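Residue numbers (the numbering used here): 8 to 337. Where is the CB? At the ideal position from N, CA and C, for every residue including glycine. Keep in mind that this is a model prediction, so the values were computed, not measured. Below: one structure, written as structure tokens.
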């Protein structure tokens, strides 16, 4: 039996949270493992600066050793904007110097890409443009992100490879007749303004005035802001649970019929794909790659970003119409 080609996967440790790590886990569980030997080399494990620097330095040494030993020809590098772009550009240029073929995949949304690139100094922009141009293939997770990458770094070709739909445990959703609560889940947290945590807080306050029986669970990274604490004090039906592990998230999504994603910018969010896989009725914003997989009124409801009133209208529409929830979740 011929040996499978080796591909080195460089990105966050698959065990940590976040959409890019979830996409990497999906890749490692995909049928590609029948054709390729996928080896993982984490470049990021922790937000603590000293540990992060040590992990990245170790990754560069391991990349060098892997390449010099002839372990494989292909390096697949996963990146987002900000610090990740600089780290992965270094990885790309080192891998090319070691005569490896490089696939550089950007997981960020079009808005984040455009905003980040517009704020770069000339030397920083030239460095990133050189790295992206050196890659043998550049991938994006949506058409919108691909267009933003081409504009940002003058790339001739960016291919689109959407994130994989995650596997979820098989279960039967109860529905209202089976005792399912009329509830909403938001998983974006408050660490990243792009996730729209401030928008969901404002929208929930509006929605609860019209639909008092609605329960809302707020989850994700970061700390609850003052506006969130005030909302929790005023509304006992709203809870903040912080970061959820996979088992805790599974329990929440099994019993929650509505999923809200009020992002300002997205690539193709794994949380959205996961919610759809769980059979939830999705309410999201019309940004990035989301409208490429959600036709509003068919697979979910889409509203404009940064519009709490429109988001609240969508929450109330879903809360008040079981038939609509069932049709969108089917």
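May I have the straight-line CA-CA distance separating residue i from residue j, to the nearest angstrom?
i, j, result
"residue 189", "residue 27", "30 Å"
"residue 31", "residue 104", "25 Å"
"residue 183", "residue 201", "In this predicted model, residue 183 has a pLDDT of only 49, less than 50, meaning its place in the structure is not dependable; the value taken from the coordinates is given anyway. Looking at the two C-alpha atoms, the distance is approximately 33 Å."
"residue 191", "residue 16", "35 Å"
"residue 309", "residue 197", "21 Å"
"residue 49", "residue 41", "22 Å"
"residue 227", "residue 29", "14 Å"
"residue 305", "residue 113", "28 Å"
"residue 161", "residue 136", "7 Å"
"residue 61", "residue 23", "17 Å"
"residue 214", "residue 253", "28 Å"
"residue 159", "residue 44", "33 Å"
"residue 286", "residue 47", "31 Å"
"residue 284", "residue 334", "14 Å"
"residue 85", "residue 270", "21 Å"
"residue 65", "residue 82", "16 Å"
"residue 216", "residue 241", "11 Å"
Helix, strand or coil for residue i? Go by DSSP, reduced to three states.
i, result
"residue 386", "Since the displayed the chain opens at 8 and closes at 337, residue 386 lies outside it and no answer follows."
"residue 101", "helix"
"residue 177", "coil"
"residue 73", "helix"
"residue 148", "coil"
"residue 17", "strand"
"residue 79", "coil"
"residue 33", "helix"
"residue 5", "The requested residue 5 does not occur in the structure, where the chain is confined to residues 8 to 337."
"residue 315", "helix"
"residue 193", "strand"
"residue 334", "helix"
"residue 307", "strand"
"residue 287", "coil"
"residue 224", "strand"
"residue 203", "coil"
CB residue i to CB residue j, shorter than 9 Å?
i, j, result
"residue 63", "residue 88", "no"
"residue 120", "residue 156", "yes"
"residue 268", "residue 221", "no"
"residue 151", "residue 294", "yes"
"residue 170", "residue 38", "no"
"residue 19", "residue 51", "yes"
"residue 176", "residue 33", "no"
Within 10 angstroms of its Cβ, does residue i collect 16 or more other Cβ (buried), or is it exposed?
i, result
"residue 92", "buried"
"residue 246", "exposed"
"residue 243", "exposed"
"residue 266", "buried"
"residue 126", "exposed"
"residue 281", "buried"
Just list the alpha helix (DSSP H) runs in the stretch 37-62, keeping only unbroken ones of 4 residues or longer that don't cross its boundaries, in chain order. As far as the stretch 37-62 is concerned, its whole alpha helix (DSSP H) runs of at least 4 residues are 39-42.
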